[in-house]
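Student: Have a look at this one before I ask anything.
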Amino acid sequence: MAKGKEPSDYLPLSESTFYILAALREPMHGYGVMQKTEEVSAGAVTIGPGTLYGAFTTLQKEGLIEMVREEDRRKVYQLTTMGLEVLKEQVERYGLMLRYGREAAGKGNPGGEE
Amino acid sequence: MSGEIFRKVKFFGAWQDEKEEAWLGEMAQEGYHLNGVGFPLVYEFRKGKPQREVYRLDYTSLKKKQDREDYFQLFRDAGWEWVGEMGGWQYFRKEVAEGETAEIYTDNQSKIKKYQRVLGLLVILLPAFIFVFQQREGQTLLTQILEGFMFLIMLLYMYAILRLIKRLQELKEDS
Chain A
1227 MAKGKEPSDY LPLSESTFYI LAALREPMHG YGVMQKTEEV SAGAVTIGPG TLYGAFTTLQ
1287 KEGLIEMVRE EDRRKVYQLT TMGLEVLKEQ VERYGLMLRY GREAAGKGNP GGEE
Chain B
133 MSGEIFRKVK FFGAWQDEKE EAWLGEMAQE GYHLNGVGFP LVYEFRKGKP QREVYRLDYT
193 SLKKKQDRED YFQLFRDAGW EWVGEMGGWQ YFRKEVAEGE TAEIYTDNQS KIKKYQRVLG
253 LLVILLPAFI FVFQQREGQT LLTQILEGFM FLIMLLYMYA ILRLIKRLQE LKEDS
């Protein structure tokens, strides 16, 4: 883990990083992360292998995920405690955004037109 | 697989990977499927059925065997077939349905990192040219020709670097 870094220092997470961290709440290999992301985002977000490989390397270096074992020549990763903290912090922020956004979006048409 | 093999020499600069990908896709649609690549600039095709295939190029400087295995495993799992390597560029192929496409990089941030790796290599190689031009003793016709040739290559390198910087700027503006 990078020394002296707070969970909030990693925010905001990119969309793909968010889905990767969320998927790695459970131990999973790369292909699992790709499938899970496509499934929970209803196909709106896909993560290509180039993007995922780079993200794994970076997140591991930052200490947000760790390799827990190897299965059929595939590395299985999981969130670290710090990774979980970062995820929680991001979800907290999304919560605020969502509340504010719903309020703003629910105000009717701009300029009060029909 | 059967089908006759034919080779083609074609130049694409380091900044033209998307153009190269599109060209390989067009070749596949005409029934020429990339069978392998070789240094320098040789493309080997196998004649077969016309097919919709997406080609994508990645640039990686992974050295450790384990890292390379992990890397290729991820691509395989995602349905990409590795076709070959040329100067650090990895050639991947995926069959897709009509009207569909596929990407190995799905966000701008990771695409930026790819071009930064390419740029990093070109910048590292530049001092080598400067070294060559400092060795200007014993001028003969041959060394002059060689030098002229090296000079052209260096110009090409500089141009590639500028184009890559421009590409990076465009990607950063998009994100």
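Taken in sequence, the protein lines are chains A and B. Start counting the first sequence at 1227; every next residue gets the next number (our numbering). Start counting the second sequence at 133; every next residue gets the next number (our numbering). Ideal Cβ placement from N, Cα and C applies to all residues, glycine included.
#1: Which complete alpha helix (DSSP H) runs does the region 139-182 of chain B hold, if anything under 4 residues is left out?
#2: Under the rule that 16 or more other beta-carbon atoms within 10 Å means buried, what is Ala1330 of chain A, buried or exposed?
#3: Between the C-alpha atoms of Leu287 of chain B and Ala234 of chain B, what's the straight-line distance to the nearest angstrom?
#4: Against Ala229 of chain B, what residues of chain A qualify as contacts under a CB-to-CB distance less than 9 Å, listed in chain order?
#5: Along the beta strand (DSSP E) that carries Arg1328 of chain A, what are the first and last residues, could you check?
#6: Give me the Cβ distance between Ile1273 of chain A and Thr1263 of chain A, rounded to the nearest whole Å; I'm assuming they're in contact under 8 Å.
#7: By the 10 Å Cβ neighbour count, where 16 or more other Cβ atoms means buried, how is Ser1242 of chain A classified, buried or exposed?
#8: Using the C-alpha atoms, what's the distance from Asn1335 of chain A back to Arg299 of chain B?
#9: I'd like to know whether the C-beta of Trp155 of chain B is nearer than 8 Å to at least one C-beta of chain A.
#10: Measure the Cβ-Cβ separation of Gly1280 of chain A and Ile1291 of chain A and say whether it is below 8 Å.
#11: Give, in chain order, every residue of the region 207-219 of chain B whose Cβ lies closer than 8 Å to some Cβ of chain A.
#12: Within the continuous alpha helix (DSSP H) that includes Lys298 of chain B, where are the two ends?
#13: If I measure Cβ to Cβ from Val141 of chain B and keep anything under 7 Å in the same chain, skipping five residues before and after, which residues do I get?
#14: Kindly confirm or deny that the region 220-229 of chain B and the region 176-189 of chain B touch, where touching means at least three C-beta pairs closer than 8 Å.
#15: Assign Asp236 of chain B to buried or exposed, taking buried as 16 or more other Cβ atoms, counted over all protein chains shown, within 10 Å of its Cβ.
#16: What does Ser1234 of chain A reach in chain B if we use C-beta pairs closer than 9 Å?
#17: Would you kindly check if the distance between the Cβ of His1255 of chain A and the Cβ of Arg1300 of chain A is under 8 Å?
#18: By Cβ distance below 7 Å, which residues in the same chain neighbour Met1227 of chain A in space, the five residues on each side in sequence not counted?
#19: Indicate whether at least one CB of chain A lies closer than 8 Å to the CB of Ser193 of chain B.
#20: Going along the chain, which unbroken runs of the beta strand (DSSP E) with 3 or more residues stay wholly within the region 203-254 of chain B?
#21: Roughly how many angstroms lie between the CA atoms of Gln241 of chain B and Gln301 of chain B, to the nearest whole one?
Tutor: Put simply:
#1: Runs found: 149-161.
#2: Ala1330 of chain A counts as exposed, since fewer than 16 other beta carbons sit within 10 angstroms of its beta carbon.
#3: Near 34 Å, if we compare the C-alpha coordinates of Ala234 of chain B and Leu287 of chain B.
#4: Chain A residues near Ala229 of chain B: none, gap ~15 Å exceeds 9 Å.
#5: Counting along the chain, Arg1328 of chain A falls outside any beta strand (DSSP E), though it belongs to the alpha helix (DSSP H) covering Thr1307 to Ala1331.
#6: That pair is a contact at about 5 Å.
#7: Buried, because 16 or more other Cβ atoms sit within 10 Å of the Cβ of Ser1242 of chain A.
#8: Rounded to whole angstroms, Arg299 of chain B to Asn1335 of chain A spans 39 Å at the Cα level.
#9: So no, Trp155 of chain B is outside the interface.
#10: Contact flag unset, no.
#11: Within the region 207-219 of chain B, the qualifying residues are Phe207, Asp209, Ala210 and Trp212.
#12: Counting along the chain, the alpha helix (DSSP H) containing Lys298 of chain B begins and ends at Leu273 to Asp306.
#13: Excluding residues up to 5 positions away in sequence, Leu173 and Val174 lie with their Cβ nearer than 7 Å to the Cβ of Val141 of chain B in the same chain.
#14: Cβ pair count under 8 Å is three or more, so yes.
#15: According to the sequence displayed, residue 236 of chain B carries Ile and not Asp. Ile236 of chain B should be labelled buried.
#16: In chain order: nothing, as chain B lies at least about 19 Å away.
#17: Yes; because the gap between Cβ atoms is below 8 Å, this pair is in contact.
#18: Confidence in Met1227 of chain A is poor, its pLDDT being 48 and thus under 50, which makes the residue's placement unreliable; the coordinate value appears in the next sentence. Excluding positions up to five away in sequence, the list reads Gly1289 and Met1308.
#19: No - not a single Cβ of chain A is within 8 Å of the one on Ser193 of chain B.
#20: Taken in chain order, the complete beta strand (DSSP E) segments of 3 residues or longer contained in the region 203-254 of chain B are 213-218 and 221-227.
#21: Rounded to whole angstroms, Gln241 of chain B to Gln301 of chain B spans 12 Å at the Cα level.
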